[in-house]
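Numbering (my numbering), first residue to last: 754 to 954.
Now the structure itself:
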């Protein structure tokens, strides 16, 4: 019920917004995965990927705007263990909803949730790659914040960092790791640094 009310409130805000714009954006990602077990944590090496998709910006006042997006996000992480290259490849359909504050005509700050839906995943060791559907959850909730610079009325540059709130490791994988390492808790969480270019139509 709370989600339904929230959606109706957003629809109401979008309908009242006088200044609307739509466009496309693309850029690159520097992603990693943080593993935590019984309070100890370690982050993977970066996986470099791309993001691209569509956005809408709805200005509700001179200073404030809401910017929902639909992006294809290439994420994951890499590591080298005992001479073997290992890692995760995680591709998401991401839906960020950014609340923007314009500090000036050129700069804006943003903060908001990102809802991720796993489109494809794999786990690899050297040249061997296996499907990751049994390892990872299909949904990932992140919090993001960033900075935008308006190059012109049509073009803007963006930098954004998102970090995972939910555990992306499946229940079965969590249990397997806990049994193997003899630990009480285990989690995997995404993080992603994005740099991109946006174009308003």
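Note that beta-carbon positions come from the ideal geometry of N, C-alpha and C, so glycine has one too.
Counting C-beta pairs closer than 8 Å gives fewer than three between the region 770 to 780 and the region 916 to 928, which falls short of the contact rule. When rounded, the separation of the alpha-carbon atoms in residue 950 and residue 821 is 16 Å. Residue 790 sits close to residue 936, with the two beta carbons spaced by under 8 Å. The three-state secondary structure of residue 929, taken from DSSP, is helix. Residue 892 is classed as exposed because its beta carbon has fewer than 16 other beta carbons within 10 Å across all chains shown. Beta-bridge annotation (DSSP): residue 816 is not paired with any residue.
By the C-beta density criterion, residue 908 is exposed, having fewer than 16 other C-beta atoms within 10 angstroms. Look at the beta carbons and you see the region 788 to 807 not touching the region 856 to 869: under three pairs across the two are nearer than 8 Å. In the three-state DSSP reduction, residue 934 falls in the helix class (H, G or I). Under the DSSP definition of a beta bridge, residue 871 partners with 845. Between the alpha carbons of residue 877 and residue 852 lies a gap of roughly 37 Å.
In chain order, 783 and 785 place their CB closer than 6 Å to the CB of residue 799, counting only its own chain and leaving out the 5 sequence neighbours on each side. Going by DSSP, residue 947 is part of the beta strand (DSSP E) stretching over 939 to 953.
Ranked by Cα distance from residue 854, the options 823, 792, 781 and 898 are led by 898. A residue is called buried when at least 16 other Cβ atoms come within 10 angstroms of its Cβ; residue 824 meets this threshold and is buried. Approximately 16 Å separates the beta-carbon atoms of residue 867 and residue 901; this is outside 8 Å, ruling out the contact. Residue 817 and residue 925 have their C-alpha atoms spaced approximately 43 Å apart.
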